[in-house]
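Taking it in order: structure first as structure tokens, then the write-up.
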Amino acid sequence: MKIQAFTLLFASSLVSAQTAPIFTGQSWWNHVKFLADDKLEGRDTGSHGEREAQKYAIKQLKKAGAEPAGEHGFYQPVKFIQRQIVERDSSLVIIRDGKREPLVLGDDAIISTRVMPAQEVSAPLVFAGYGLKVPEKNYDDFADLDLHGKIAVYLTGSPAEIPGALASHYQTAAERWKVLRAAGAIGAISLPNPASMDIPWSRMALNRAHPSMDLDYSEFNETEGEQLSATVNPASADKILAGSGHSFAELAALGKDREPLPHFPLTVSLEAQTHVVLTKVASANIVAKLPGSDPALKDEYVVLSAHLDHIGIGEPINGDRIYNGAMDNGSGSALILDMAASFKKHPEKLRRSILLVLVTGEEKGLLGSKYFAAHPTVPAKSLVADVNVDMFLPIVPLKVLTVEGLDESDLGDRAREVAQTLGVKVQPDPEPQRNIFIRSDQYNFIRHGVPSIMMDVSAEPGSPEQKIFKDWRTQRYHAPSDDINQPVNLETAARYEEIVRSLLIKVADDDLVPRWKPDSFFRRYAGEDQKAGQTTVPATLGIH
Ligand SMILES: [Zn+2]
Numbered sequence: 167m168k169i170q171a172f173t174l175l176f177a178s179s180l181v182s183a184q185t186a187p188i189f190t191g192q193s194w195w196n197h198v199k200f201l202a203d204d205k206l207e208g209r210d211t212g213s214h215g216e217r218e219a220q221k222y223a224i225k226q227l228k229k230a231g232a233e234p235a236g237e238h239g240f241y242q243p244v245k246f247i248q249r250q251i252v253e254r255d256s257s258l259v260i261i262r263d264g265k266r267e268p269l270v271l272g273d274d275a276i277i278s279t280r281v282m283p284a285q286e287v288s289a290p291l292v293f294a295g296y297g298l299k300v301p302e303k304n305y306d307d308f309a310d311l312d313l314h315g316k317i318a319v320y321l322t323g324s325p326a327e328i329p330g331a332l333a334s335h336y337q338t339a340a341e342r343w344k345v346l347r348a349a350g351a352i353g354a355i356s357l358p359n360p361a362s363m364d365i366p367w368s369r370m371a372l373n374r375a376h377p378s379m380d381l382d383y384s385e386f387n388e389t390e391g392e393q394l395s396a397t398v399n400p401a402s403a404d405k406i407l408a409g410s411g412h413s414f415a416e417l418a419a420l421g422k423d424r425e426p427l428p429h430f431p432l433t434v435s436l437e438a439q440t441h442v443v444l445t446k447v448a449s450a451n452i453v454a455k456l457p458g459s460d461p462a463l464k465d466e467y468v469v470l471s472a473h474l475d476h477i478g479i480g481e482p483i484n485g486d487r488i489y490n491g492a493m494d495n496g497s498g499s500a501l502i503l504d505m506a507a508s509f510k511k512h513p514e515k516l517r518r519s520i521l522l523v524l525v526t527g528e529e530k531g532l533l534g535s536k537y538f539a540a541h542p543t544v545p546a547k548s549l550v551a552d553v554n555v556d557m558f559l560p561i562v563p564l565k566v567l568t569v570e571g572l573d574e575s576d577l578g579d580r581a582r583e584v585a586q587t588l589g590v591k592v593q594p595d596p597e598p599q600r601n602i603f604i605r606s607d608q609y610n611f612i613r614h615g616v617p618s619i620m621m622d623v624s625a626e627p628g629s630p631e632q633k634i635f636k637d638w639r640t641q642r643y644h645a646p647s648d649d650i651n652q653p654v655n656l657e658t659a660a661r662y663e664e665i666v667r668s669l670l671i672k673v674a675d676d677d678l679v680p681r682w683k684p685d686s687f688f689r690r691y692a693g694e695d696q697k698a699g700q701t702t703v704p705a706t707l708g709i710h
């Protein structure tokens, strides 16, 4: 019976898709072109360009008949504190046998201002493997180490014994610091694993002095006591490993295959001086709704989220200073605007409401969504699912979607069913080391118990198209060339939008709200009703 109901639902949506294609990719692309125009200056959080993008989004949402659902109309104000490092007053020095050896900022290392650094830090270094503690898997990188008053050095990534989503979760800044702090550490230095670096060091270093931001509310301070957070260039890592009996090449080779790493004290200590200038910045999330029609269910919301901000103006690459962010995430923002318009043009009597959320501050560390998920503009309990769209990369014909969170909740199952019905395969994240699961806004919904997924256009493992994605990340990701002069596949964009629309309709109309899988780690963040068992609406309401 159940399967039949499904088939019917999808047969009818397929028929309507065939008779009148809802999406062509063209209106989506027109929105991308506006959002990624040089005039919007890369939409940095709190910038003039971001405000222009927000105004444009609101204009489009109004045109589509979406209702305001922020705090002030469509806006939900969010306050930030901006941190800008003054490099001429900042330094990192290694001390070995009393000898001082500077690490050159930019060439050898970067001091992060995502964490508020202490003005002066001096401490011994300890290599702590992956720097992880995962109680669920009885895994502890600190068990045989003394970290008291020391700075932990770790290789990014995780051992194969930790499942991808769980490994990603424990690699968030907040979770990492929780366990490091408990082990007595006063700071952390990461060594990027070259096998999973999305962008080369040279580009990471290029914009290191670009201001970072944090939410300007004490409730969100998750790194208290962290006096230093820095990243060392893999090419310079042997400067701190020398004398330990281990080389970076050895550690990187183990990390590449997610093998166990050794733990050992280093023979050096580190002195850091950091000068940071603080400024207050204001921005906002944009929130709109497409109201549902079922009296019992219209106060429940299926969230479609995307970040509207990007990284703004930075150091020039090939003479171009504007980091337009056409795919990151003009593409997802444009999809939301296009989706709203599609429901006006092709109305669908939805049972639940759809909440369209264009967040700010994603590039600063998922900050707008962190604020929204903690202070939603509709009751927190009414958020039944989040479908997040961030840089879905329609740059090859659409055959495969990677679904982040595929196996964590039955929202993943629904995504699989919808995609397969429309002729697209789905796969779980084939590269868990890249931590995509924690690198976009769905993660904040997950932390508040809302079943969430993000879908990305992908290539079949081993196919030649894999290189297209790899090259895209190396060359265009967070670079000025992620602009409107790049090739995109409008047919793929249109088909992707069709999948998102069908999924939204399915979740809005199903009797049952999405549930976490009983064995999902993330289920612990869900409310008691999710943990206790299924809540259902009377079957007589039927499937619309
Ligand atoms: Zn980005």
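Here the numbering used here is used: the first residue of the sequence shown is 167, the next is one more, and so on. Glycine residues also receive a C-beta, built at the ideal position from the N, C-alpha and C atoms.
Worksheet item: What is the DSSP secondary structure of His541, counted as helix, strand or coil?
Response: Taking the sequence shown and counting its residues from 1, one reaches residue 541 at position 375. Reduced to three states, the DSSP call for His541 is coil.
Worksheet item: Among the residues of its own chain, which have a CB less than 6 Å from the CB of Gln393, if the five just before and after it don't count?
Response: What you label residue 393 is simply residue 227 of the sequence shown in a count that begins at 1. The answer, listed in chain order, is Ala284, Val287, Ile352 and Gly353.
Worksheet entry | Inter-residue Cα distance where the pair is Val666 and Asn651 | Within the sequence shown, numbered from 1, the residue matching residue 666 stands at position 500. Within the sequence shown, numbered from 1, the residue matching residue 651 stands at position 485. About 25 Å.
Practice prompt. Return the chain-ordered list of same chain residues with a C-beta closer than 7 Å to the C-beta of Asn610, the five sequence neighbours on each side being excluded.
Written response: If you number the sequence shown from 1, residue 610 lands on position 444. Here the set comprises Leu532, Ser535, Lys536 and Ala539.
Item to complete: To the nearest angstrom, report how far apart Val259 and Arg266 are at their CA atoms.
Response: Mapped onto the sequence shown, residue 259 falls at position 93. Mapped onto the sequence shown, residue 266 falls at position 100. Taking the straight line joining both Cα atoms gives about 6 Å.
Discussion item. So, under 8 Å CB-CB, Ser471 and Val523 are touching, yes? Tell me the CB distance rounded to an integer number of Å.
Written reply: Here residue 471 refers to the residue found at position 305 when the sequence shown is read from its first residue. Here residue 523 refers to the residue found at position 357 when the sequence shown is read from its first residue. Contact check for Ser471 and Val523: beta-carbon distance about 4 Å, within the 8 Å limit, so the pair qualifies.
Practice prompt. Pull up the CB-CB distance for Ile277 and Ser256, whole angstroms please, since I reckon it's below 8 Å.
Written response: On the sequence shown, position 111 is the one that residue 277 refers to. On the sequence shown, position 90 is the one that residue 256 refers to. Taking the Cβ atoms as the reference, Ile277 lies roughly 6 Å from Ser256, within the contact range of under 8 Å.
Worksheet item: Near ligand 1, which residues have their beta-carbon closer than 6 Å to a heavy atom?
Response: So the residues near ligand 1 by this Cβ test are Asp494, Glu529 and His644.
Discussion item. If contacts are defined as beta-carbon pairs under 8 Å, then Val566 and Gln593 qualify, I think. What distance do you get, rounded to the angstrom?
Written reply: By one-based count along the sequence shown, residue 566 stands at place 400. By one-based count along the sequence shown, residue 593 stands at place 427. Taking a contact as a CB-CB distance under 8 Å, the pair Val566 and Gln593 counts as one, their CB atoms being some 6 Å apart.
Worksheet item: Sorted by chain position, which residues of the same chain lie with C-beta nearer than 6 Å to Ala585's C-beta, five sequence neighbours on each side aside?
Response: Counted from its first residue, the sequence shown places residue 585 at position 419. Close CB contacts of Ala585 within its chain, under the 6 Å cut and outside five residues either way in sequence, are with Leu567, Val592 and Ile665 (chain order).
Discussion item. Quick check on Leu678: buried or exposed, where buried means 16 or more other Cβ atoms within 10 Å of its Cβ?
Written reply: Mapped onto the sequence shown, residue 678 falls at position 512. Exposed is the call here.
Worksheet item: Helix, strand or coil for Pro290 per DSSP?
Response: Against the sequence shown, residue 290 aligns to sequence position 124. Strand.
Worksheet entry | Run of the beta strand (DSSP E) containing Ala472, from where it starts to where it stops | Position 306 of the sequence shown holds residue 472. Note, Ala472: beta strand (DSSP E), Tyr467 to His473.
Worksheet entry | Top-ranked residue by Cα proximity to His376, from Gly421, Arg280, Val300 and Leu332 | Position 210 of the sequence shown, counting from 1, holds the residue named residue 376. By alpha-carbon distance to His376, the top candidate from Gly421, Arg280, Val300 and Leu332 is Arg280.
Worksheet entry | Close beta carbons around Ala183, own chain, < 7 Å, minus the five adjacent residues each side | Taking the sequence shown and counting its residues from 1, the one referred to as residue 183 is at position 17. With a pLDDT of only 46 at Ala183, under 50, the local geometry of the prediction cannot be trusted, and the value read off the model is given with reservation. So the qualifying residues of the chain are Glu664.
Worksheet entry | Simplified DSSP state of Lys245, which is helix, strand or coil | For the purposes of this step, residue 245 is identified with residue 79 of the sequence shown, where counting begins at 1. In this structure, DSSP gives Lys245 an extended state, which the three-state scheme calls strand.
Item to complete: Please look up how many angstroms separate the CB atoms of His197 and Glu207, rounded, as I've assumed it's under 8 Å.
Response: Start at 1 with the first residue of the sequence shown, and residue 197 comes out as number 31. Start at 1 with the first residue of the sequence shown, and residue 207 comes out as number 41. His197 to Glu207, Cβ: 17 Å. No contact.
Worksheet item: Between Arg690 and the rest of its own chain, which residues show a CB-CB distance below 7 Å, the 5 nearest in sequence each way excluded?
Response: Residue 690 sits at position 524 when you count from the first residue of the sequence shown. No residues qualify anywhere along the chain.
Worksheet entry | Start-to-end residues for the alpha helix (DSSP H) that takes in Phe558 | For the purposes of this step, residue 558 is identified with residue 392 of the sequence shown, where counting begins at 1. Element bounds for Phe558: n/a, residue is neither H nor E.
Fill in: Under the three-state DSSP convention, the category Gly480 falls into
Position 314 of the sequence shown, counted from the start, is the residue given in the question as residue 480. Taken through DSSP and simplified to helix, strand or coil, Gly480 comes out as strand.
Fill in: Where the alpha helix (DSSP H) containing Gly589 begins and where it ends
What you label residue 589 is simply residue 423 of the sequence shown in a count that begins at 1. Counting along the chain, Gly589 falls outside any alpha helix (DSSP H), and DSSP gives it neither H nor E.
Practice prompt. Tell me Gln250's beta-bridge partners as DSSP assigns them.
Written response: Along the sequence shown, read from residue 1 onward, the residue named residue 250 stands at position 84. In the DSSP assignment, the residues bridged to Gln250 are Val443.
Practice prompt. Determine the burial state of His512: buried for a count of at least 16 other Cβ atoms within 10 Å of its Cβ, exposed for fewer.
Written response: Numbered from its first residue, the sequence shown carries residue 512 at position 346. With a threshold of 16 other beta carbon atoms within 10 Å, His512 falls short and is exposed.
Fill in: Distance between Tyr643 and Ala692 (C-alpha atoms, nearest Å)
Mapped onto the sequence shown, residue 692 falls at position 526. Mapped onto the sequence shown, residue 643 falls at position 477. Spanning the two alpha carbons is a distance of roughly 33 Å.
Item to complete: Taking all protein chains shown into account, decide if Leu332 is buried (16 or more other Cβ within 10 angstroms of its Cβ) or exposed.
Response: Locating residue 332 in the sequence shown gives position 166, counting from the first residue. In summary, Leu332 is buried, with 16 or more beta-carbon neighbours lying within 10 Å of its beta-carbon over all protein chains present.
Worksheet item: What do you reckon, are the CB atoms on Ser435 and Ile671 nearer than 8 Å?
Response: What you label residue 435 is simply residue 269 of the sequence shown in a count that begins at 1. What you label residue 671 is simply residue 505 of the sequence shown in a count that begins at 1. Cβ distance not < 8 Å, so Ser435 and Ile671 don't count as in contact.
Worksheet item: Do you know whose CA, among Tyr489, Asp475 and Leu474, lies nearest Glu481's CA?
Response: By one-based count along the sequence shown, residue 481 stands at place 315. Distances from the alpha-carbon of Glu481 to those of Tyr489, Asp475 and Leu474 put Tyr489 closest.
Discussion item. Considering just the uninterrupted stretch of the beta strand (DSSP E) at Asn554, what are its terminal residues?
Written reply: As a first step, residue 554 is located in the sequence shown; it is residue number 388 there, counting from the start. Note, Asn554: beta strand (DSSP E), Leu549 to Asn554.
Discussion item. How far does the beta strand (DSSP E) with Lys636 in it extend, from its first residue to its last?
Written reply: By 1-based counting over the sequence shown, the position of residue 636 is 470. Per DSSP, Lys636 is not a residue of any beta strand (DSSP E); the alpha helix (DSSP H) it occupies stretches across Glu631 to Gln641.
Discussion item. Using a Cβ-Cβ cutoff of less than 6 Å, which residues in the same chain neighbour Ala403 once the five nearest sequence positions on both sides are dropped?
Written reply: On the sequence shown, residue 403 is found 237 positions in, with the first residue counted as 1. Within the same chain, Ala403 has close Cβ partners Leu357 and Phe414.
Worksheet entry | Sequence-distant residues of its chain with Cβ nearer than 7 Å to Asp364 (five each side left out) | Locating residue 364 in the sequence shown gives position 198, counting from the first residue. Residues of the same chain with a CB within less than 7 Å of the CB of Asp364, apart from the 5 flanking positions on each side, are Arg600, Arg639 and Tyr643 in chain order.
Item to complete: Along the beta strand (DSSP E) that carries Met379, what are the first and last residues, could you check?
Response: On the sequence shown, residue 379 is found 213 positions in, with the first residue counted as 1. Ser378 to Leu381 is the extent of the beta strand (DSSP E) around Met379.
Item to complete: Give a yes or no on whether the C-beta atoms belonging to Ile483 and Pro646 are separated by under 8 Å.
Response: In the sequence shown, counting from the first residue as 1, residue 483 sits at position 317. In the sequence shown, counting from the first residue as 1, residue 646 sits at position 480. In this structure, Pro646 lies closer than 8 Å to Ile483 by Cβ.
Worksheet item: For Phe189 versus Asp556, is the C-beta distance shorter than 8 Å?
Response: By one-based count along the sequence shown, residue 189 stands at place 23. By one-based count along the sequence shown, residue 556 stands at place 390. Not in contact: Phe189 and Asp556 (Cβ atoms no closer than 8 Å).
Worksheet item: Where does Gly353 fall in DSSP's three states?
Response: In the sequence shown, counting from the first residue as 1, residue 353 sits at position 187. Gly353 falls in the strand class under three-state DSSP.
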